[in-house]
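K.L.:
Take a look at the following structure, please.
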DNA sequence: AATGAATGAGAGTTCATTCAT
DNA sequence: GATGAATGAACTCTCATTCAT
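Chains as they are written, first to last, in full-length UniProt numbering: chain E, 1 to 216; chain Z, 1 to 216; chain G, 1 to 216; chain U, 1 to 216.
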């Protein structure tokens, strides 16, 4: 093995370790943010949760805000990927419009269930003057507008489309959070994930159907 | 004028002044909370906005939390009153179920428009581990469940009723916030208050109608 | 009754009332100081204890320090008077030196018992950068030096005289405070006031006798 | 040098530095407390005196009280050690009772001279409702009771023993403080340390001798 | 690269003092 | 003269960030 190779190998080992440390911090941050909120979370809590030294944080992130953005960006990447795929499938008309709606809602609920902490953090609202919660909702509302255009190629005023998308995203995201909290308290009479998805989907589909039927 | 009268008059003048100061603080807090969120808001910002001395705050509130609760309680009192009245009217069947739903949604939107800051504060979400935003949403969801029982006396499982109410309250409240933000930016193609109410109402009514028709 | 008389009468009524208010504040201050110490005592506590309005304080005293000095000065006035009298009697040789010493110690203990709060406050030590406790001890030590000169007209170096006086005043004052605290806890086996005085007196007299016998 | 060794070395260097900082704070606190008293002393004064950053304080002590206790505990440890040793020697009867008394008084005076600030702080009196000064005096009075029992095995009532011990400790400690203040002002006619010890010792011994001779 | 001691700006809170009533 | 609401300086404590090791 050449000198250069050795160096590279060592470098890659280093960067792998570095990536692991970074991951630890992101995971820890997600947990801490979910419990204490963004503003109240402290770097000390996060590094302690990650079982890392105090100063290590600043080797990976320039500030708490940068960390927050990274948590959201990397956390929601998977959801974004799934949604992108669904949009493509909608374009290829593999499913009916109503089927797609239900699939999308199911994706949201499942993602929320598997990323409880992150989901709550992301949709938490306007904390600390950061409009991140809002921008996330806006982002998914915009995406939903795109979807609706694919499904119902009827032209409706942009403003109405936005309002519809906003409404549905708000409903789905908050209801998912609510559902997780219900589940947590282990009520005897509680809705399964499938039931919850079914109810919300039917509601959304009925509303949309009505809306588009009149618009035509 | 007797000694006693003088004393009383002085006392009432003082308490009037005190009440005014308290009001100033509540108004200022509402504004500041809407911009920065609860956690990041500082007492200094609030007293400065109210154009009052720093220590004055502590003559009226023991802490930021107490102020926050007072802002919400006193701010939403009017909305609560209107909703209570509507529930009574629903019981007396003065309106059809669908009319009531639309009226309720209109009340929310109008209240939001006239209490922008407050509405955003109240529904801002779970800020910093404080569950106040949540409890407000929960409170109105519970109220909405009551209303639905009056309108559609069909018995449906409690858990489904809760989910429906939660969904609708989430949708209406967040969409109202969104609408206010749209309006602010004075887009050329924007929805009037009446239009927004109409769209959301139609959507909600269609969803509910579908839901109850199947349940029957 | 002439106009002038009326005026005077009214004025005297006023000033009598004023004096009462002042007295209330002094009494309240004494209590509060004894419990919380000088620095930690607040004007609010004092006026509340005196059942007076907040601002009233500043009609009678310019500051907390002024109050503190007044409390001590007026409180110890009686003790000073008694001691002055004893010194005169010593000059007239109505009692033997040892009798005088015992009388003085008895006066201290009785005054301490009847002015618990005040005595503790006065001898509390150096609180808040105020050297008042020290100056009080110094004052009584100086007085005691005078007394010793009367009783034992032998000339001993000033520095030794001061040391002796300081020692005895320290011993008597602190032991009186200790005795009051013992009594408070109502121990079964506790010393009566007379016993305590007797022990301390005998101790002091023996020490002094020895000292002066050698000096001669 | 192995990885582990390096780590350990680094840790020990760090903890050494930490210990130094802690020491600086204790020293500074001693000075500040002696001048301003406990209640009026501020953290800022202390850190400034120690030439350290403001927040550094809280890395080492949780509060001013904790610091105060540490100052006393660590400061008086040496005195306690010496006294313990003397008590042992008294038990082994290496010295006569009167010699022991003089040795003890000398120890107190010498310790006071070498720990001026600390000694004043410790015996400053009941500051602001904190009973620490009192408890220190009580502690040494109790120790002195033990000593007296060794020296004079005659049984005298506990209450009288306590009163005697209290008196002597009060006398010795306050007189030591007084002596230091005299010295400071560099009076022409002032007592040397040895002289002061001699006077106080003779006084105390004469008093005790008289007391025990009568008790027998 | 990792660490954590040191830092100080900034937050909440208290309270002596002023002043309008 | 009596009052207590208003004030802001001063204090304690927290925590993001820096930096020497």
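Ideal Cβ positions, reconstructed from N, Cα and C, are used throughout, including at glycine.
Strictly under 8 Å for the Cβ-Cβ distance: is residue 210/Z near chain E by that measure?
P.N.:
Here residue 210/Z refers to the residue found at position 210 of the second chain. Yes, residue 210/Z counts as interfacial toward chain E.
K.L.:
Answer yes or no: the CB of residue 86/G versus the heavy atoms of the ligand FAD, is any distance below 7 Å?
P.N.:
Summarising the ligand content, the structure contains no ligands, and the ligand FAD is consequently not present.
K.L.:
Using C-beta distances below 6 Å, list every residue in its chain close to residue 79/Z, excluding the 5 sequence neighbours before and after it, in chain order.
P.N.:
Residue 79/Z sits at position 79 when you count from the first residue of the second chain. The answer, listed in chain order, is 111.
K.L.:
Taking a contact to mean a Cβ-Cβ separation below 8 Å, would you say residue 119/U touches residue 177/U in this structure?
P.N.:
As a position in the fourth chain, residue 119/U is number 119, starting the count at 1. As a position in the fourth chain, residue 177/U is number 177, starting the count at 1. In contact: residue 119/U and residue 177/U (Cβ atoms closer than 8 Å).
K.L.:
Between residue 204/G and chain U, is the shortest Cβ-Cβ distance under 8 Å, so that the two count as touching?
P.N.:
Translated into positions along the third chain, residue 204/G becomes position 204. Yes, residue 204/G counts as interfacial toward chain U.
K.L.:
What are the residues in the segment 148-175 of chain E lying within 9 Å of chain Z by C-beta distance?
P.N.:
Hits within the stretch, in order: 157, 158, 159, 160, 162, 163, 164, 166, 167, 168, 169, 170, 171, 172, 173, 174 and 175.
K.L.:
Looking only at its own chain, which residues have a Cβ that is under 6 Å from the Cβ of residue 208/U, when we skip the five neighbours before and after it?
P.N.:
Position 208 of the fourth chain, counting from 1, holds the residue named residue 208/U. Counting only Cβ-Cβ distances below 6 Å, and skipping sequence neighbours, we find nothing.
K.L.:
Let me make sure I understand the geometry here. Which of 175/E, 180/E and 213/E has the alpha-carbon closest to that of residue 199/E?
P.N.:
Your numbering for residue 199/E matches position 199 in the first chain. Checked all of 175/E, 180/E and 213/E; the closest Cα to residue 199/E is 175/E.
K.L.:
Please look up how many angstroms separate the CB atoms of residue 75/U and residue 115/U, rounded, as I've assumed it's under 8 Å.
P.N.:
Looking up residue 75/U in the fourth chain gives position 75. Looking up residue 115/U in the fourth chain gives position 115. Sure, about 6 Å apart at Cβ, within 8 Å.
K.L.:
Measuring only the C-alpha atoms, how far is residue 88/G from residue 150/U?
P.N.:
Within the third chain, numbered from 1, the residue matching residue 88/G stands at position 88. Within the fourth chain, numbered from 1, the residue matching residue 150/U stands at position 150. One C-alpha to the other measures close to 44 Å.
K.L.:
For a cutoff of 8 Å on Cβ pairs, would you count residue 54/U as touching chain G?
P.N.:
Taking the first residue of the fourth chain as 1, we reach residue 54/U at position 54. By this cut-off, residue 54/U is not an interface position.
K.L.:
Just by C-beta distance, which residues in the UniProt domain "HTH tetR-type" (19-79) of chain E are closer than 7 Å to chain Z?
P.N.:
Residues passing the 7 Å Cβ filter: 35, 36, 37, 39 and 40.
K.L.:
Measuring straight from C-alpha to C-alpha, what distance separates residue 16/E and residue 28/E?
P.N.:
Here residue 16/E corresponds to residue number 16 of the first chain, with the count starting at 1. Here residue 28/E corresponds to residue number 28 of the first chain, with the count starting at 1. Each residue's Cα considered, the two are about 18 Å apart.
K.L.:
Distance, Cα to Cα, residue 169/U vs residue 47/G?
P.N.:
Within the fourth chain, the letter at position 169 stands for residue 169/U. Within the third chain, the letter at position 47 stands for residue 47/G. Cα-Cα distance, rounded: 38 Å.
K.L.:
Taking 8 Å as the threshold, find out whether the segment 59-76 of chain Z comes into contact with the segment 21-40 of chain Z through three or more Cβ pairs.
P.N.:
At 8 Å Cβ cutoff, the stretches touch.
K.L.:
Can you give me the Cβ contacts of residue 91/G inside the same chain, cut-off strictly under 7 Å, excluding the 5 residues immediately before and after it?
P.N.:
As a first step, residue 91/G is located in the third chain; it is residue number 91 there, counting from the start. Around residue 91/G: 150.
K.L.:
Please compile the residues from chain U whose C-beta is within a distance smaller than 7 Å of the C-beta of residue 178/G.
P.N.:
Indexing the third chain from 1 puts residue 178/G at position 178. The answer, in chain order, is 166.
K.L.:
Determine the direct distance from the alpha carbon of residue 167/Z to that of residue 167/E, and round the result to whole angstroms.
P.N.:
For the purposes of this step, residue 167/E is identified with residue 167 of the first chain, where counting begins at 1. For the purposes of this step, residue 167/Z is identified with residue 167 of the second chain, where counting begins at 1. Going from the Cα of residue 167/E to the Cα of residue 167/Z covers about 10 Å.
K.L.:
Grab the span of the alpha helix (DSSP H) containing residue 56/U for me, first residue to last.
P.N.:
In the fourth chain, counting from the first residue as 1, residue 56/U sits at position 56. Per DSSP, residue 56/U belongs to no alpha helix (DSSP H) and is neither H nor E.
K.L.:
What number of angstroms, rounded off, separates the C-alpha of residue 126/U from the C-alpha of residue 69/U?
P.N.:
In the fourth chain, the residue the question calls residue 126/U occupies position 126. In the fourth chain, the residue the question calls residue 69/U occupies position 69. Residue placement at residue 126/U cannot be trusted, given a pLDDT of 46 that sits under 50; what the coordinates show is reported in the next sentence. Spanning the two alpha carbons is a distance of roughly 14 Å.
K.L.:
I think residue 147/G touches residue 164/G, with their Cβ atoms under 8 Å apart; what is that distance to the nearest whole Å?
P.N.:
The count along the third chain starts at 1 and reaches residue 147/G at position 147. The count along the third chain starts at 1 and reaches residue 164/G at position 164. Contact flag wrong, Cβ pair sits at about 11 Å.
K.L.:
When the Cα atoms are used, what is the spatial distance from residue 35/U to residue 38/G?
P.N.:
The count along the fourth chain starts at 1 and reaches residue 35/U at position 35. The count along the third chain starts at 1 and reaches residue 38/G at position 38. Computed Cα separation, rounded: 16 Å.
K.L.:
If we count the other Cβ atoms within 10 Å of its Cβ and call it buried at 16 or more, is residue 162/Z buried or exposed?
P.N.:
By 1-based counting over the second chain, the position of residue 162/Z is 162. Buried, by the Cβ-count rule.
K.L.:
Exposed or buried, residue 201/G, counting other C-beta atoms within 10 Å across all chains shown (16 or more means buried)?
P.N.:
Taking the third chain and counting its residues from 1, one reaches residue 201/G at position 201. Burial call: buried.
K.L.:
Between residue 26/G and the rest of its own chain, which residues show a CB-CB distance below 7 Å, the 5 nearest in sequence each way excluded?
P.N.:
Within the third chain, the letter at position 26 stands for residue 26/G. Hits under 7 Å: 70, 71 and 74.
K.L.:
Is there a Cβ of chain Z sitting closer than 8 Å to that of residue 199/E, yes or no?
P.N.:
What you label residue 199/E is simply residue 199 of the first chain in a count that begins at 1. Taking Cβ atoms only, chain Z reaches closer than 8 Å to residue 199/E, which makes this a yes.
K.L.:
Take the Cβ of residue 102/Z as the centre, count every other Cβ of all protein chains shown within 10 Å, and call the residue buried at 16 or more, exposed below.
P.N.:
For the purposes of this step, residue 102/Z is identified with residue 102 of the second chain, where counting begins at 1. Buried, by the Cβ-count rule.
K.L.:
With a cut-off of 8 Å, does the C-beta of residue 136/U fall near any C-beta of chain G?
P.N.:
Working through the fourth chain from its first residue, we reach residue 136/U at position 136. Judged by the 8 Å Cβ criterion, residue 136/U is not in contact with chain G.
K.L.:
To the nearest angstrom, how far is it from the Cα of residue 182/G to the Cα of residue 135/G?
P.N.:
Here residue 182/G is taken as the residue at index 182 of the third chain, counted from 1. Here residue 135/G is taken as the residue at index 135 of the third chain, counted from 1. Distance between the alpha carbons of residue 182/G and residue 135/G is about 26 Å.
K.L.:
Reducing DSSP to helix, strand and coil, say where residue 156/U ends up.
P.N.:
The sequence position of residue 156/U within the fourth chain is 156, counting from 1. Coil, per DSSP.
K.L.:
Taking just the CA atoms, how far does residue 123/U sit from residue 173/U?
P.N.:
If you number the fourth chain from 1, residue 173/U lands on position 173. If you number the fourth chain from 1, residue 123/U lands on position 123. Their backbone Cα atoms lie some 7 Å apart in a straight line.
K.L.:
Considering only the beta carbon of each residue, do residue 211/Z and residue 211/E sit closer than 8 Å?
P.N.:
Taking the second chain and counting its residues from 1, one reaches residue 211/Z at position 211. Taking the first chain and counting its residues from 1, one reaches residue 211/E at position 211. Their beta carbons are not under 8 Å apart, which means residue 211/Z does not touch residue 211/E by this criterion.
K.L.:
Nearest-angstrom Cα distance between residue 97/U and residue 50/G?
P.N.:
Within the fourth chain, numbered from 1, the residue matching residue 97/U stands at position 97. Within the third chain, numbered from 1, the residue matching residue 50/G stands at position 50. If you take the alpha carbons of residue 97/U and residue 50/G, they lie about 54 Å apart.
K.L.:
Output the residue ranges of the alpha helix (DSSP H) runs that lie fully inside the UniProt domain "HTH tetR-type" (19-79) of chain E and measure 4 residues or longer, sorted by chain position.
P.N.:
Fully enclosed alpha helix (DSSP H) runs of 4 or longer: 43-49 and 57-60.
K.L.:
So what does DSSP say about residue 93/U, is it helix, strand or coil?
P.N.:
Here residue 93/U is taken as the residue at index 93 of the fourth chain, counted from 1. Note: residue 93/U maps to coil in three-state DSSP.
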